[in-house]
Amino acid sequence: GAVVSQHPSRVICKSGTSVKIECRSLDFQATTMFWYRQFPKQSLMLMATSNEGSKATYEQGVEKDKFLINHASLTLSTLTVTSAHPEDSSFYICSARVDRDTEAFFGQGTRLTVV
Amino acid sequence: AQSVTQLGSHVSVSEGALVLLRCNYSSSVPPYLFWYVQYPNQGLQLLLKYTTGATLVKGINGFEAEFKKSETSFHLTKPSAHMSDAAEYFCAVRREYGNKLVFGAGTILRVKS
Chain A
16 GAVVSQHPSR VICKSGTSVK IECRSLDFQA TTMFWYRQFP KQSLMLMATS
66 NEGSKATYEQ GVEKDKFLIN HASLTLSTLT VTSAHPEDSS FYICSARVDR
116 DTEAFFGQGT RLTVV
Chain B
216 AQSVTQLGSH VSVSEGALVL LRCNYSSSVP PYLFWYVQYP NQGLQLLLKY
266 TTGATLVKGI NGFEAEFKKS ETSFHLTKPS AHMSDAAEYF CAVRREYGNK
316 LVFGAGTILR VKS
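Chains A and B are the protein sequences, given in the same order.
When you line the first sequence up against this note's numbering, it's residues 16 to 130, in that order.
When you line the second sequence up against this note's numbering, it's residues 216 to 328, in that order.
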């Protein structure tokens, strides 16, 4: 099956700093990538959808200046959490798909802890 | 708009027993339905999906699910539970050609020896 790789798997950062999470499709070209956030013992909440070469579409309530998404190539999307605060601590998961007719494959997730 | 309800946040079965995880959906258009499994601190792995055609869908690891339009359900079953099945399971729905995958709250499956 298709492989989506997320890096890093775990990151600890200090309050006020920014942290970047990478999502790569290793063996296919992803026209669309999705970023989710998962709180402890809760389901996944879609944060934003990004299409290669265009601006990301953010879900209601997600601050686009706080969570910067870049999808510069067909195999890479990045999520940057700017000026991180402890409440940003969460599990972030990306997924990627070739096109609307295909399923999305998920990365292994990134555990962000802001101290 | 689509939504998903998973009945039971926790399900416990004995090893070798039937697994039944319930999922009901609401959708104003024909849905695409999915079941994913998540192990601790990992991403999601697709177990199976229904798009069109045969309503009984077979997936990986011996799981299957049946799309029942009249009941708006897509329950996940496995005849005989294995210890390695212990994980969290998510049901999800999206529209055909839609972007947004809407997840249920998840069901944690515990398998007792």
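Ideal Cβ positions, reconstructed from N, Cα and C, are used throughout, including at glycine.
Residue nearest to residue i in terms of C-alpha spacing, selected from the options
i	options	result
K264 of chain B	B:G231, B:Q257 and B:E279	B:E279
S88 of chain A	A:Q53, A:C109 and A:S65	A:S65
Q53 of chain A	A:M62, A:K81, A:A45 and A:T47	A:M62
L236 of chain B	B:G319, B:V317 and B:V226	B:V226
A320 of chain B	B:R310, B:C238, B:S295 and B:V228	B:C238
S218 of chain B	A:V130, A:S20, A:D114 and A:M60	A:M60
T90 of chain A	A:R112, A:A71, A:S30 and A:E118	A:R112
H297 of chain B	B:T287, B:Q221, B:Y251 and B:E230	B:E230
F318 of chain B	B:G268, B:A269, B:F289 and B:L271	B:F289
A119 of chain A	A:S105, A:Y51 and A:Q57	A:Y51
F106 of chain A	A:I36, A:V18, A:K29 and A:A17	A:I36
A269 of chain B	B:E281, B:K315 and B:L316	B:E281
H22 of chain A	A:K29, A:R115, A:T95 and A:K56	A:T95
I275 of chain B	B:S242, B:L261 and B:Q221	B:L261
S104 of chain A	A:S69, A:V130 and A:S40	A:V130
S110 of chain A	A:R25, A:Q44, A:I27 and A:V26	A:Q44
K283 of chain B	B:S299, B:Y240 and B:T220	B:Y240
S100 of chain A	A:D116, A:L83 and A:L127	First, the amino acid is wrong: residue 100 of chain A is His here, not Ser. Comparing Cα-Cα distances from H100 of chain A to each of A:D116, A:L83 and A:L127, the minimum goes to A:L127.
Q221 of chain B	B:K315, B:S328, B:V308 and B:K327	B:V308
K29 of chain A	A:E102, A:G124 and A:K56	A:E102
T267 of chain B	A:F121, A:D116 and A:S69	A:D116
V26 of chain A	B:E303, B:N256 and B:A232	B:N256
Partners in chain A for residue i, counting only beta-carbon separations shorter than 7 Å
i	result
A302 of chain B	Going along chain A, no residue has its Cβ under 7 Å from A302 of chain B, so there is no contact; the nearest lies around 14 Å.
Contacts of residue i in chain B (Cβ-Cβ under 7 Å)
i	result
T126 of chain A	Looking at the sequence shown, residue 126 of chain A is not Thr but Arg. Near R126 of chain A (Cβ distances below 7 Å), the residues of chain B are N256.
S58 of chain A	F305, F318, G319, A320 and G321
T122 of chain A	In the sequence as presented, Thr is not what sits at residue 122 of chain A; that position holds Gly. Simply G258.
Sequence-distant residues of the same chain with beta carbon closer than 6 Å to residue i, five excluded per side
i	result
S92 of chain A	C38, M48, S65 and H86
K293 of chain B	V234, G277 and F278
L316 of chain B	A307 and R309
Proximal residues of chain B, C-beta to C-beta of residue i below 8 Å
i	result
A119 of chain A	L316
I108 of chain A	G258 and L259
L91 of chain A	None at all; the shortest Cβ gap to chain B is about 17 Å.
Spatial neighbours of residue i in its chain, beta-carbon cut-off 8 Å, leaving aside the 5 residues before and after
i	result
S224 of chain B	A320, G321, T322 and I323
R325 of chain B	H225, V226, S227, V228 and A301
L259 of chain B	Y251, V252, Q253 and F305
T46 of chain A	N66, E67, L89, R112, V113 and D114
S33 of chain A	T95, V96, T97, S98 and A99
Element boundaries [beta strand (DSSP E), containing residue i]
i	result
Q221 of chain B	S218 to L222
Y254 of chain B	Where Y254 of chain B is concerned, there is no enclosing beta strand (DSSP E), given that its DSSP letter is neither H nor E.
S40 of chain A	V34 to S40
N276 of chain B	No beta strand (DSSP E) contains N276 of chain B, which DSSP labels as neither H nor E.
T90 of chain A	Careful: T90 of chain A lies outside any beta strand (DSSP E) and carries neither H nor E.
F289 of chain B	S288 to K293
M298 of chain B	Segment: none, M298 of chain B is in no beta strand (DSSP E) and carries neither H nor E.
K327 of chain B	T322 to K327
V226 of chain B	H225 to S229
Q75 of chain A	Note, Q75 of chain A: premise wrong, no beta strand (DSSP E); not H, not E.
Chain A residues whose Cβ lies nearer than 9 Å to that of residue i
i	result
K264 of chain B	E118
L261 of chain B	G16, E118, A119, F120 and F121
Contact list for residue i against chain B, beta-carbon separation under 9 Å
i	result
I36 of chain A	Chain B residues near I36 of chain A: none, gap ~12 Å exceeds 9 Å.
L94 of chain A	Within chain B, no residue comes near L94 of chain A; the closest Cβ sits about 14 Å away, beyond 9 Å.
Chain-order list of residues whose beta-carbon lies under 7 Å from that of residue i (same chain, five-residue window excluded)
i	result
I72 of chain A	Residue identity differs from the one stated: residue 72 of chain A is Thr in this sequence, not Ile. Taken in chain order, the residues that qualify are A63 and T64.
- Task: Report yes or no: do the segment 71–78 of chain A and the segment 246–262 of chain B share at least 3 C-beta pairs separated by less than 8 Å?
- Result: Output reads no: the segment 246–262 of chain B does not touch the segment 71–78 of chain A.
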